[in-house]
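Here the sequence shown stands for residues 7 to 137, numbered as in our numbering. Just so you know, even glycine gets a beta-carbon here, dropped at the ideal spot from N, CA and C. First up is the structure itself, then whatever we jot down about it.
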Amino acid sequence: MLATTTVGVDHDEVIAALQRCYDPCCKERQVSVVDMGLVERVTVDGTQVGIDIILTTGWCPFAVHLLQMMEEEVKRLPGVEHVQVNITWDTPWSPERMSALARERLRLPLEQLLPLREARLRSAQQEVRND
């Protein structure tokens with residue numbers, strides 16, 4: 007009888023798997039939970055993986071979906087038997103946690119939005135004059 011040994015997974019493989027996980031609000035722009043700065047800590051102990059994340063807001067309606075997605079994606083890695091994803095409240099999220107890629111992809115196109123803002127202001131001023 008052959009003995010089988012489960013080797014496990016390394017930290018970089020877990021991070022690569024998490025790069026394929028997207029908050030539904032950022033999926034369209036392909037900004038992962040890693041790029042958003044949501045991953046606080048990853049621990050690997052053989053076949054066991056622990057992931058601590060923070061949320062952009064405590065009221066995130068997608069928190070459960072996000073936890074499940076991360077767990078499922080990491081569990082697909084060969085050598086992973088158990089994944090535990092926890093939300094930690096010790097560190098608040100701020101935009102400074104985002105990668106340069108996330109900042110670029112989530113930047114508002116101000117040059118495109120400015121004419122819309124100006125048109126709205128003109129419309130509001132016109133309504134005031136008509137009252």
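Do you know how far the Cα of residue j is from the Cα of residue i?
i: Val15; j: Trp65; result: 32 Å
i: Val38; j: Met76; result: Going by the sequence as given, residue 38 is Ser instead of Val. Roughly 11 Å between the two C-alpha positions.
i: Val134; j: Gln36; result: 42 Å
i: Gly52; j: Val86; result: 8 Å
i: Met104; j: Met42; result: 5 Å
i: Asp29; j: Arg113; result: 16 Å
i: Asn136; j: Pro67; result: 41 Å
i: Val50; j: Ala69; result: 22 Å
Leaving out five residues before and five after residue i in sequence, what residues of the same chain have Cβ atoms less than 6 Å from its Cβ?
i: Gln54; result: His88
i: Leu73; result: Val91
i: Arg111; result: Arg35, Val37
In chain order, what residues of the same chain have a beta carbon less than 8 Å from the beta carbon of residue i, not counting five sequence neighbours either side?
i: Glu19; result: Leu83
i: Leu24; result: Ser38, Val39, Val40, Val45, Val48, Ile57, Met76, Glu79, Val80
i: Leu107; result: Val37, Asp41
i: Arg109; result: Pro101
Enumerate in chain order the residues of its own chain whose CB-to-CB distance from residue i is below 7 Å, with the five nearest sequence positions on each side excluded.
i: Cys27; result: Ser38, Val39, Met75, Met76, Glu79
i: His17; result: Val48, Val50
i: Arg123; result: none
Got a sec: is the Cβ-Cβ distance from residue i to anything in chain D below 8 Å?
i: Thr63; result: Here chain D cannot be found, since the structure has a single protein chain.
*What runs of the beta strand (DSSP E), each 3 residues or longer, lie entirely inside the segment 34 to 111?*
Correct list: 45 to 51, 54 to 59, 88 to 93.
*Taking three-plus beta-carbon pairs below 8 Å as touching, is the segment 91 to 108 in contact with the segment 46 to 60?*
By the Cβ test, the segment 91 to 108 is in contact with the segment 46 to 60, since at least three Cβ pairs between them sit closer than 8 Å.
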